[in-house]
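Quick notes on the structure that follows.
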Amino acid sequence: MSFALDIMTIVAVSVSAFFFLAGTVGLLRFPDTLTRLHALTKADNLGLGLLVLGLLPQAESLRGGIKLICVWIIVLLAGATVSQLIAYAARREGSQL
Amino acid sequence: MTFALALEIVLAAVVLTGAVWTIASRETLPAVAGFVAYGLLLALVWVRLGAPDVALTEAAIGSGLTGALLVSAAARLRSSEGPMAVERPDVILRVLAAVLSAAVTTALAISVLLLPDPAPTLATAAAENAAATGLGNPVTNVLMAFRAMDTMLEKIVLLLALVGVWSLAPDRLWGGRPGPRHHADPQGVLAFVARVLPPVGIIVGIYILWTSADHPGGAFQGGTILAAMWLLVMMAGLTDAPPVSERRQRLLLLAGPVVFLIVGLGGLAFGDAFLAYPMAYAKPLILAIEFAMIVTIAVTLGLLVAGPPEREAGS
Chain C
29 MSFALDIMTI VAVSVSAFFF LAGTVGLLRF PDTLTRLHAL TKADNLGLGL
79 LVLGLLPQAE SLRGGIKLIC VWIIVLLAGA TVSQLIAYAA RREGSQL
Chain F
1236 MTFALALEIV LAAVVLTGAV WTIASRETLP AVAGFVAYGL LLALVWVRLG
1286 APDVALTEAA IGSGLTGALL VSAAARLRSS EGPMAVERPD VILRVLAAVL
1336 SAAVTTALAI SVLLLPDPAP TLATAAAENA AATGLGNPVT NVLMAFRAMD
1386 TMLEKIVLLL ALVGVWSLAP DRLWGGRPGP RHHADPQGVL AFVARVLPPV
1436 GIIVGIYILW TSADHPGGAF QGGTILAAMW LLVMMAGLTD APPVSERRQR
1486 LLLLAGPVVF LIVGLGGLAF GDAFLAYPMA YAKPLILAIE FAMIVTIAVT
1536 LGLLVAGPPE REAGS
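Protein chains in written order, with this note's numbering: chain C, 29 to 125; chain F, 1236 to 1550.
Here you go:
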């Protein structure tokens, strides 16, 4: 059982690292604000989500696991809000930040 | 080379890059962004050094709150930034500033390298007397009991800082409301998050204070989170900053230092010295001070970011 859980951790954290890498490359290489935000939110949502999923089997207690999920949900909420606000500001100013 | 060492080297390199970026950046806003990222990375360094209490403070105050203060300062400076950039100080002044900064850094580096090995420490003394207060977190022990005087004075300094900010108000607006009135779409995403997040943030803020008895945390870190929640609600336009003359707000600002002083004087009257807690009541007294402090810290930090009065009280 613990072997299967370890495999799950390794796979999920590796895929999460890929999303963080892809998100970072996108943030650096994409041409304008909106596409950069698109890249950034992928890192937040999928990257962090998979990271939490991978760490859950390693959590020491139920409490620790719930804390991890709470962190993910709060970051999702914050990330989604901030990217909406930045997108709104970028559209209003018509600028390419 | 172990993985941990490699991680530490990379972390140190990134922190230094962040610091250089912050200084070298010509424009104010990117420099502030660099400073915030630098603070968060520095918090990771503190975690690696096994100092989670310092890491929490650095992330909350050093990066979060100071970042918010600097962003609002940068926004105010925006209109004057263009003309200012043209008037660069002359070469001699810049060289002098560089030499002075380098000298300070070198002096700090030398004094760190000259520390005797092992470095002088009071950690063992603090650990030996930890049982005296009934608290499990040695950092809270030091802050609230062994060096409580410093913590109390820190709170008073915070109050003086707020008085300093308020004193920037023009005479006719004295007693008015701080900062501009924020407006946001009441159906928009900011208003939504300002309704959803504060209940969670308030619980987390109080939890961080409560848990500081035995785990990393404290009134300052928790208070910063409470202040952030208040600011979020104000920025979403759901509430307005109260006028600086409001009585209830003044009382909240005084709660922390006053409770601290009363407990301190109580120690002088009934105990051995100023701020000497009677052994049996040490933990409840410390908790009472901390709960009064978290309120004062949250209100003070929120008002520091809100700024000096800019509008009439009735507006």
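Where is the CB? At the ideal position from N, CA and C, for every residue including glycine.
- Taken atom to atom, the span from the alpha-carbon of C:Gly-75 to that of F:Leu-1331 is near 47 Å.
- F:Pro-1544 carries a strand assignment under DSSP once its states are collapsed to helix, strand and coil.
- For F:Val-1400 against F:Leu-1539, the beta-carbon gap comes to about 6 Å, under 8 Å, which counts as contact.
- F:Arg-1412 is bridged by DSSP to F:Arg-1546.
- For F:Ile-1296, no alpha helix (DSSP H) encloses it, and the DSSP letter there is neither H nor E.
- What C:Gln-112 touches in chain F, judged by beta-carbon distance under 7 Å, is Val-1424, going in chain order.
- Below the 7 Å Cβ cutoff, chain C contributes Leu-105 as neighbours of F:Leu-1432, in chain order.
- Contact annotation: in the region 40 to 69 of chain C, no residue has its CB less than 7 Å from a CB in chain F.
- With a threshold of 7 Å between beta carbons, F:Val-1255 makes no contact with chain C.
- Between F:Pro-1433 and F:Leu-1473, the alpha-carbon positions lie close to 12 Å from each other.
- Judged by DSSP secondary structure, F:Met-1470 falls within the alpha helix (DSSP H) whose first and last residues are 1454 to 1470.
- Bounds of any alpha helix (DSSP H) do not take in F:Leu-1349, whose DSSP letter is neither H nor E.
- Apart from the 5 residues on each side of it in sequence, F:Val-1289 sits with its Cβ closer than 6 Å to the Cβ of Trp-1281 in its chain, given in chain order.
- At least one CB of chain C lies nearer than 7 Å to the CB of F:Val-1428.
- Where F:Asn-1376 is concerned, the enclosing alpha helix (DSSP H) starts and stops at 1373 to 1376.
- Among the residues facing chain F, C:Thr-37 is not included, as its CB has no counterpart in that chain under 7 Å away.
- DSSP places F:Asn-1364 outside both helix and strand once states are collapsed to three, so it counts as coil.
- Of F:Ile-1345, F:Val-1377, F:Ala-1366 and F:Thr-1368, the smallest CA-CA separation from F:Leu-1357 is found for F:Val-1377.
- Around the beta carbon of F:Leu-1277, a 10 Å sphere encloses 16 or more other beta carbons of the protein chains shown; the residue is thus reported as buried.
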